[in-house]
Structures are given as structure tokens and as C-alpha cells.
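Participant: Positions 83 to 511 (my numbering) are the ones given, in order, by the sequence shown.
Pasting in a structure now, in C-alpha cells, and then I'll have a few things to ask.
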Amino acid sequence: MKTGKTVKVLLALATAAGMLAGCGSKTDTDTFRFANDTDIVGMDSTVVDDAMSFNAITAITDGLTTVDVKGNTIPGIAKSWDVSNNGLTYTFHLRDAKWANGDEVTAQDFVYSWHRIIKNAGNYAYMLGSEGASIKNADSLIDLGTTATDEQLNTLGIKATDDKTVVVDLEKNVPYFVSLMSFPCYFPQNQKFVEKCGKNYATKPEYILGNGAYKMTKWIKGNKATFTKNDKYYDAKSVKTKNLEMYLVQDPKTAAQNFDNGKVDYATINSTLVDKYKGKDTFKTISEGYLAYLICNFKADTTANKNVRYALSYAINRKDLCDNILKDGSQPATGFVPGQLCKSPSGKDFREESGKYVDYDVKKAQEYLDAAKKELGTDTITVDLLYGTDESPMDTFAEYLQGSFTKLKGLKVNMVATVKKDRIYNREA
Numbered sequence: 083m084k085t086g087k088t089v090k091v092l093l094a095l096a097t098a099a100g101m102l103a104g105c106g107s108k109t110d111t112d113t114f115r116f117a118n119d120t121d122i123v124g125m126d127s128t129v130v131d132d133a134m135s136f137n138a139i140t141a142i143t144d145g146l147t148t149v150d151v152k153g154n155t156i157p158g159i160a161k162s163w164d165v166s167n168n169g170l171t172y173t174f175h176l177r178d179a180k181w182a183n184g185d186e187v188t189a190q191d192f193v194y195s196w197h198r199i200i201k202n203a204g205n206y207a208y209m210l211g212s213e214g215a216s217i218k219n220a221d222s223l224i225d226l227g228t229t230a231t232d233e234q235l236n237t238l239g240i241k242a243t244d245d246k247t248v249v250v251d252l253e254k255n256v257p258y259f260v261s262l263m264s265f266p267c268y269f270p271q272n273q274k275f276v277e278k279c280g281k282n283y284a285t286k287p288e289y290i291l292g293n294g295a296y297k298m299t300k301w302i303k304g305n306k307a308t309f310t311k312n313d314k315y316y317d318a319k320s321v322k323t324k325n326l327e328m329y330l331v332q333d334p335k336t337a338a339q340n341f342d343n344g345k346v347d348y349a350t351i352n353s354t355l356v357d358k359y360k361g362k363d364t365f366k367t368i369s370e371g372y373l374a375y376l377i378c379n380f381k382a383d384t385t386a387n388k389n390v391r392y393a394l395s396y397a398i399n400r401k402d403l404c405d406n407i408l409k410d411g412s413q414p415a416t417g418f419v420p421g422q423l424c425k426s427p428s429g430k431d432f433r434e435e436s437g438k439y440v441d442y443d444v445k446k447a448q449e450y451l452d453a454a455k456k457e458l459g460t461d462t463i464t465v466d467l468l469y470g471t472d473e474s475p476m477d478t479f480a481e482y483l484q485g486s487f488t489k490l491k492g493l494k495v496n497m498v499a500t501v502k503k504d505r506i507y508n509r510e511a
């Protein structure tokens with residue numbers, strides 16, 4: 083479907099991803115080689131919103147907090163923090179850390195980047211607002227976006243009281259706030275460097291600057307990115323691997339062959355390869371917490387109709403999709419907050435305690451579609467289904483959905499093949 087900004091139809095929660103991991107016949111123990119089927123869209127943390135870009139940005143930049151190998155939140159650039167009694171003010175105390183060019187990482191670097199993501203109208207700017215960290219005044223500033231003045235941005239609830247102290251004020255209590263600070267949209271940026279680069283910032287390795295474990299040394303879009311250890315990293319002694327190589331837009335079948343031949347050490351694979359590798363020591367599944375969903379275009383008469391959206395939702399057999407199509411450990415979504423993601427105040431899994439919001443029922447789907455046809459005065463409803471051909475398994479998702487939707491009498495589905503970049507552009511147009 084063409085897209086809008088309101089999510090109404092849930093598909094399946096991909097709690098796991100299939101991958102191959104190991105050393106194989108590898109001889110170079112100083113280099114870790116990573117193959118993925120998507121590209122690095124960009125390296126500006128105030129702009130990008132895709133997983134592969136975040137992987138690359140996280141390799142070169144640390145936020146106030148970071149995560150350990152078990153996924154626990156630990157100190158990052160902030161060595162410690164204090165929380166006010168009412169839970170609305172966080173004071174972060176920064177360690178002595180440097181950018182890869184030798185500049186000191188300061189509290190102002192965080193203020194600058196948080197202002198900049200709002201000024202850029204970044205796709206993840208909303209994470210500063212009530213849908214994310216609930217930073218004071220963030221929602222009103224996000225609404226202003228590119229029109230926000232410096233004076234207005236200074237009302238955002240983040241202040242650098244000195245070079246080593248960041249104070250953040252919230253609108254409401256956010257128990258997971260400290261964990262959020264490890265997400266790339268909250269990362270700092272070196273204002274002097276960004277402004278010197280101008281429009282070139284984050285476009286090539288020479289215009290990219292981080293404070294993390296690695297430095298980007300080469301980047302060929304759609305092909306490969308290389309990284310080398312950053313000796314100025316505050317915890318450089320803990321970085322054991324000297325080099326990273328990310329092979330980009332590599333078809334899962336090709337990536338698996340390269341893994342078998344010892345050319346890569348990690349490869350993400352799709353559902354067509356799961357049966358071949360499942361059971362082998364090198365096959366791993368990891369919980370990722372991604373939620374796959376459809377976004378409906380509320381400007382279109384069809385998908386603006388509530389009964390059409392109900393029909394689409396009830397037509398999807400999420401369990402069959404997960405078990406027989408994806409086959410990678412993904413679980414059916416029963417609500418927008420994934421299972422195994424967080425616990426309720428009672429200590430139970432939030433999803434289990436909150437109930438089920440979506441289901442599979444073809445009879446109900448047809449009833450809703452018939453009601454929609456009557457309301458819209460037509461015998462046939464047509465929807466466009468946009469999907470990225472460069473986004474595995476989204477192409478598989480799309481094929482499955484087409485088959486599910488066309489089982490309904492009076493529903494026609496136009497498949498619109500595109501690439502992720504264009505799909506995102508069309509979504510926001």
C-alpha cells in the first residue's frame with residue numbers, strides 16, 4: 083500500500099534473524115568480515131533511520147550509554163549519572179574521551195546533535211519527544227522542524243552546564259531513559275567538524291568523525307565499507323579486532339557461499355536458506371526486536387476506510403507467515419509492543435499481560451471488505467502494495483501478502499516494486 087504516517091496493520095514480529103557466524107577457513111584474525119543484503123544509506127546520525135547505517139554509525143560512535151555483549155546498558159561517554167527524586171532530571175557526568183581527530187568530546191556535542199536532528203527534521207527526531215525519551219519541549223520543537231530558530235532550540239530540555247556535564251529534563255518519567263541513550267539518534271556530533279564539512283558531512287570517510295571503537299577508512303556505496311581500530315577511543319584496550327569489513331547489498335545466497343568459502347565471517351540469510359543451514363553449528367538466531375508492519379496512506383479513499391484496514395489485517399495469517407515462510411524464529415505480532423521486549427509493573431511480559439489486538443479470520447476479513455465496498459460504492463477495491471526489492475525479506479513479505487489479500491472477493495492488489503530509498507521517499511511525500 084502507498085504509505086502515510088499512521089500504522090494500522092500489524093504483520094509479524096521478527097524477534098529473530100537467521101545468520102551464519104564463525105571463522106571457517108579464515109586466516110586473518112585481525113579482521114572481522116560482515117555480509118549483509120542492505121546498504122549503508124548514510125552516516126549522519128541526525129538523518130538516517132535504517133539498521134545497516136546504524137550498524138556502521140555504532141561502530142564509530144558511542145553515546146552517553148552503550149550496551150555490553152549481553153545487551154545490558156552500561157556507561158558510554160557518560161561514566162556515571164544521577165537521577166532526581168521525581169525521575170524527571172538526569173545529570174550525566176562525561177569521562178575523558180576524544181573524537182578520532184583528537185578533539186575532546188564535550189557536553190555541548192550532545193546538545194548540538196539533539197538540536198540538529200530537530201533542525202534536520204530527521205526521521206528519528208520523534209524519539210526525542212513523547213513517543214521516545216520525552217525530552218522537555220521536544221514535541222513542540224519537532225513540529226517546528228526546519229523552521230525552529232536557535233533561540234527556540236535552546237528551550238529543548240538538554241543543557242551543557244560545563245564541558246563534562248549534560249543535564250536532561252523530561253516531560254514525564256521514562257523508566258528506560260538511560261537505555262535509550264545508547265540509540266544512534268541520541269549520539270553526539272562534533273559541531274566544529276560538521277560545520278567545516280558543510281554539505282559534504284558524512285558523505286565520505288574524510289568527512290566522517292566518530293568517538294568510538296573504529297574509524298571508517300573506505301566506503302563504496304552498494305559494495306563495501308572498511309573500518310580500522312580507533313587508537314584514540316577511551317576503551318581502545320578492550321577492542322581486540324583491528325579491522326572491520328562490511329560487504330554491502332550482498333545477496334543472501336552469495337553471502338552464504340562466501341561464508342562457506344571462508345571469505346566472510348558473518349552472513350545474514352533469508353528464509354530460502356534456513357532449511358539448508360539449520361542444525362549446523364554455524365547457524366545462529368539472534369533476537370532483534372524488530373516489528374514488521376504495513377503503513378496505510380490515509381490520503382487515499384481506500385486505505386482511509388477503517389473497514390478496508392480491518393479486512394487487510396484479518397486476512398493475514400501471521401503464524402503461517404512466521405512458521406512456513408520466514409522460518410527464522412520470528413513470532414506473530416499480537417500488538418504493537420513486541421513480546422519478550424519489556425515487562426509490565428507486575429513483572430510479567432508486557433505483551434502477554436496486555437492482550438491480543440490482531441488475529442487471522444478470513445470470514446471476518448471478507449465481512450469488513452464487503453462493508454467497505456458498500457461504503458465506497460464499488461464492487462472492487464484496489465490497493466497498491468509498495469515493497470523494496472533490496473530489502474530481504476520484505477520482497478517475500480509482499481508476495482505472501484498479495485496471496486493473502488487476493489483471497490478476498492472484490493480486492494485487487496497492485497504490486498509496486500521499488501527500492502528502500504524510494505519507498506521511504508514515497509512514504510513521506
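In this text, a Cβ means the ideal position worked out from N, Cα and C, and glycines have one as well.
Whole-angstrom Cβ separation of N293 and T143, contact assumed at under 8 Å?
Facilitator: Correct: roughly 6 Å between the Cβ atoms.
Participant: When DSSP labels each residue in this structure, what does V142 get in the three-state scheme?
Facilitator: At residue 142 the sequence reads Ile, which differs from the Val that was named. Three-state result, I142: helix.
Participant: In angstroms, rounded to a whole number, what distance separates the CA positions of L493 and L451?
Facilitator: Taking the straight line joining both Cα atoms gives about 8 Å.
Participant: Tell me the rounded alpha-carbon separation between K241 and V193.
Facilitator: Roughly 6 Å between the two C-alpha positions.
Participant: Would you call the segment 437-446 in contact with the segment 397-407, where contact means no fewer than 3 C-beta pairs closer than 8 Å?
Facilitator: The segment 437-446 is in contact with the segment 397-407.
Participant: Measure the CB-CB distance between I290 and M125 and report whether it falls below 9 Å.
Facilitator: Yes, they are a contact pair.
Participant: Tell me, which residues are paired with W301 by DSSP?
Facilitator: According to DSSP, which records beta bridges pairwise, W301 is partnered with A307.
Participant: Check whether the Cβ atoms of G158 and G145 sit closer than 9 Å, and answer yes or no.
Facilitator: In contact: G158 and G145 (Cβ atoms closer than 9 Å).
Participant: Excluding five sequence neighbours on each side, which residues of the same chain lie with their C-beta closer than 8 Å to the C-beta of G211?
Facilitator: Result list for G211: I217, A220, D221, I224, in chain order.
Participant: In the DSSP assignment, the beta strand (DSSP E) including L176 goes from what residue to what residue?
Facilitator: Its beta strand (DSSP E) spans residues 171-176.
Participant: For N312 and F116, what's the separation of their Cα atoms in angstroms?
Facilitator: Taking the straight line joining both Cα atoms gives about 19 Å.
Participant: With the cut-off set at 9 Å, would you say C424 and Y258 are in Cβ contact?
Facilitator: Against a cut-off of 9 Å, the Cβ pair of Y258 and C424 comes out as a contact.
Participant: Between the segment 227-239 and the segment 177-186, can you find at least three pairs of beta-carbon atoms closer than 8 Å?
Facilitator: The answer is no - the segment 227-239 does not touch the segment 177-186, with fewer than three Cβ pairs under 8 Å.
Participant: Give me the Cα-Cα distance between S107 and D150, rounded to the nearest whole angstrom.
Facilitator: With a pLDDT of 46 at S107, under the threshold of 50, the predicted position of this residue should be treated as unreliable, though the coordinate-derived value follows. If you take the alpha carbons of S107 and D150, they lie about 28 Å apart.
Participant: Return the bridge partner residues of V465 from the DSSP annotation.
Facilitator: V495.
Participant: Buried or exposed for N168, please, with buried defined as at least 16 other CB atoms from any protein chain shown within 10 angstroms of its CB.
Facilitator: Under this definition N168 is an exposed residue.
Participant: What is the DSSP secondary structure of V130, counted as helix, strand or coil?
Facilitator: Three-state DSSP puts V130 in coil, outside helix and strand.
Participant: Using DSSP's beta-bridge definition, name the partner residues of E327.
Facilitator: R115, T308.
Participant: Is the beta carbon of S426 sitting closer than 9 Å to the one on F418?
Facilitator: Not a contact, by the Cβ cut-off of 9 Å.
Participant: Alpha carbons only, please: which of K254, T228, A307 is nearest the one belonging to G239?
Facilitator: Closest option to G239, Cα to Cα, is K254.
Participant: What residue from K401, Y315, K409 has the CA that sits closest to A415's CA?
Facilitator: Cα-wise, what sits closest to A415 is K401.
Participant: Can you check which of these residues, I368, L176, H197, D472, is closest to T228 by C-alpha distance?
Facilitator: The option with the nearest alpha carbon to T228 is H197.
Participant: Among the residues of its own chain, which have a CB less than 7 Å from the CB of N387, if the five just before and after it don't count?
Facilitator: For N387, where only same-chain residues beyond five positions count, the Cβ hits under 7 Å are A454, E457, L458.
Participant: Can you tell me whether DSSP reads G485 as helix, strand or coil?
Facilitator: Note: G485 maps to helix in three-state DSSP.
Participant: Can you grab the Cα-Cα spacing for the pair V260 / T155, in whole Å?
Facilitator: So the two alpha carbons sit approximately 8 Å from each other.
Participant: M298 and L262: beta carbons closer than 9 Å?
Facilitator: No, Cβ-Cβ distance for M298 and L262 is not below 9 Å.
Participant: Go to S395, then tell me how far its alpha helix (DSSP H) extends in each direction, as first and last residue.
Facilitator: Counting along the chain, the alpha helix (DSSP H) containing S395 begins and ends at 388-396.
Participant: Of all the options F174, N406, S264, which has the alpha carbon lying nearest to the alpha carbon of V249?
Facilitator: Cα-wise, what sits closest to V249 is F174.
Participant: Exposed or buried, what is M497 when buried is set at 16 or more other beta-carbons lying within 10 Å of its beta-carbon?
Facilitator: The residue is exposed, with fewer than 16 neighbouring Cβ atoms inside 10 Å.
Participant: Could you spell out where the alpha helix (DSSP H) holding S162 opens and where it closes?
Facilitator: It is not in any alpha helix (DSSP H) - S162 instead sits in the beta strand (DSSP E) that spans 160-165.
Participant: Counting Cβ pairs, one atom from each stretch, are 3 or more of them under 8 Å apart for the segment 360-373 and the segment 467-484?
Facilitator: Verdict: no, contact absent.
Participant: Short check: CB of G411 to CB of T367, under 9 Å?
Facilitator: Their beta carbons are under 9 Å apart, which means G411 touches T367 by this criterion.
Participant: Can you name the residues that DSSP bridges to P186?
Facilitator: Note that residue 186 corresponds to Glu in the displayed sequence, not to Pro. Its beta-bridge partners are K180.
Participant: Mind checking who K425 pairs with in its DSSP beta bridge?
Facilitator: Paired residues: D431.
Participant: By Cβ distance below 8 Å, which residues in the same chain neighbour Y439 in space, the five residues on each side in sequence not counted?
Facilitator: Closer than 8 Å at Cβ, skipping near neighbours: L92, T416, G417, F418.
Participant: Could you check how far apart the C-beta atoms of D347 and F114 are, in whole angstroms? I think they sit under 8 Å.
Facilitator: That belief holds up - the Cβ atoms of D347 and F114 are roughly 6 Å apart, short of 8 Å.
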